[in-house]
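In the numbering used here, the protein residues as written are 69 to 389.
Heads up, the thing below is written out as structure tokens.
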Amino acid sequence: MSNLDRRPTLSTCGGRGFVVAEPVRELLSPRQVKLGESTEVRRLLPNLGRRMVGAWCFVDHYGPDDIADEPGMQVAPHPHQGLQTVSWLHEGEVLHRDSVGSLQTVRPRELGLMTSGRGISHSEESPRDHARFLHGAQLWVALPDAHRHVEPHFQHHADLPQVTAPGLTATVVLGTLDTATSPGTAYTPIVGADLALTAGTETRLPLEPDFEYAVLSMSGEAHVDGVPLHPGSMLYLGCGRTDLPVRATSDAGLMLLGGEPFEEEIVMFWNWIGRSHDDIAQAREDWMNGTRFGEVKGYDGPPIPSPELPPTHLKPRGRVR
């Protein structure tokens with residue numbers, strides 16, 4: 069899934085200058101964004117107040133949507149560079165196609181991990197015969213400069229490691245939590261974990277004090293470090309924590325996102341990440357000319373044209389607006 073905003077803004081983020089080096093409780097509210105023909109998402113990152121959490125730089129939460137009589141997700145071919153996309157479902161399924169020849173249906177609690185590297189294009193759609201509900205999250209991870217030109221590739225992992233405690237099942241999506249490490253390829257110290265909690269559960273999650281963290285609420289109601297979270301909201305937690313208290317007031321689904329603060333300043337525009345305005349301008353030229361990003365075969369429809377670049381030349385200014 070991607071940023072289909074026809075008037076995207078250039079964003080600069082990264083660098084350690086605005087990392088909160090102590091525990092905080094900063095509640096981030098989403099903005100509603102139309103995605104494709106029939107899907108509306110709640111965008112948590114980039115946010116007006118905060119643009120990154122570790123290397124996580126883009127977070128959309130969508131659903132649960134009743135698509136029994138609708139086509140569901142229909143996102144035509146579009147490009148990416150300099151990032152990884154993480155597809156994560158709680159309900160439904162998404163058919164992924166890309167320009168390196170991948171064809172994969174991603175189902176609930178299976179990892180679909182696409183590393184764009186120097187450039188890839190892909191499409192995402194609900195299969196013709198699909199489940200009634202669609203509910204999930206789409207996330208991006210910024211690639212560090214040393215790896216942002218790697219060969220593009222796609223990984224699918226149906227069986228992921230888990231960390232369990234009474235009332236808690238934590239599925240490790242990316243990186244490491246406690247003693248469990250995801251098989252997905254990570255290029256920075258990072259963690260992404262899906263937390264399924266039963267009503268009444270009180271527990272503490274082990275954290276790395278050098279990481280910064282946030283928690284996305286997917287479903288139900290839970291208190292994270294004493295702050296009530298409702299679906300579609302995200303709590304930024306800063307750094308300096310060794311554990312995190314969580315209490316579920318109903319059956320609840322959360323996502324823990326964290327990692328070492330990303331040192332490099334990056335520029336995001338549409339579906340590209342670069343290090344300068346010129347990086348993005350070259351990506352746009354290559355996409356519109358049909359070079360570098362390849363061709364997605366099998367999708368019934370034309371690719372999405374790039375929006376126009378803004379007239380301003382952006383200079384990096386840090387992680388927060």
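All C-beta atoms, glycine included, are put in the ideal place defined by N, C-alpha and C.
Neighbour-count burial assignment, residue i, 16 or more Cβ in a 10 Å radius
i, result
"residue 206", "buried"
"residue 120", "buried"
"residue 287", "buried"
"residue 264", "buried"
"residue 90", "exposed"
"residue 200", "exposed"
"residue 356", "exposed"
"residue 32", "Any question about residue 32 goes unanswered here, given that the chain covers just 69 to 389."
"residue 381", "exposed"
"residue 145", "buried"
"residue 294", "exposed"
"residue 97", "exposed"
"residue 80", "For residue 80, the predicted model reports a pLDDT of 49, less than 50, meaning its position is unreliable; a value from the coordinates is still stated below. Residue 80 comes out buried."
"residue 405", "Nothing can be reported for residue 405, as the shown portion of the chain is limited to 69 through 389."
"residue 116", "exposed"
"residue 95", "exposed"
"residue 226", "exposed"
"residue 379", "exposed"
"residue 267", "exposed"
Where residue i sits in the DSSP three-state scheme
i, result
"residue 110", "strand"
"residue 119", "coil"
"residue 124", "strand"
"residue 267", "coil"
"residue 356", "helix"
"residue 129", "strand"
"residue 282", "strand"
"residue 225", "strand"
"residue 381", "coil"
"residue 135", "coil"
"residue 298", "coil"
"residue 215", "helix"
"residue 349", "helix"
"residue 275", "coil"
"residue 313", "strand"
"residue 361", "coil"
"residue 304", "strand"
"residue 370", "coil"
"residue 87", "coil"
"residue 342", "strand"
"residue 141", "coil"
"residue 333", "strand"
Pairwise C-alpha distance: residue j and residue i
i, j, result
"residue 69", "residue 191", "A caution first: residue 69 carries a pLDDT of 47, below 50, which makes its placement in the model unreliable, though a value can still be read off. Looking at the two C-alpha atoms, the distance is approximately 8 Å."
"residue 110", "residue 214", "31 Å"
"residue 278", "residue 197", "45 Å"
"residue 245", "residue 275", "8 Å"
"residue 176", "residue 202", "10 Å"
"residue 361", "residue 340", "11 Å"
"residue 231", "residue 169", "34 Å"
"residue 369", "residue 272", "48 Å"
"residue 208", "residue 312", "24 Å"
"residue 142", "residue 194", "7 Å"
"residue 417", "residue 126", "One cannot answer for residue 417 here, as it falls past the ends of the chain, which runs 69 to 389."
"residue 359", "residue 374", "13 Å"
"residue 221", "residue 249", "20 Å"
"residue 133", "residue 210", "28 Å"
"residue 157", "residue 325", "16 Å"
"residue 229", "residue 181", "16 Å"
"residue 242", "residue 258", "7 Å"
"residue 252", "residue 297", "28 Å"
"residue 171", "residue 153", "15 Å"
"residue 236", "residue 320", "10 Å"
"residue 335", "residue 299", "29 Å"
"residue 328", "residue 353", "33 Å"
"residue 122", "residue 330", "5 Å"
"residue 318", "residue 184", "38 Å"
"residue 285", "residue 216", "30 Å"
Bridge partner(s) assigned by DSSP for residue i
i, result
"residue 19", "The question about residue 19 has no answer here: the residues shown for the chain are numbered 69 through 389."
"residue 327", "258, 280"
"residue 322", "263, 285"
"residue 235", "DSSP, once it has assigned bridges, lists no residue as partnering residue 235."
"residue 99", "111"
"residue 94", "304"
Those runs of the beta strand (DSSP E) which lie wholly inside the segment 146 to 206 and span at least 3 residues: 151 to 159, 162 to 166, 171 to 174, 179 to 183, 188 to 193
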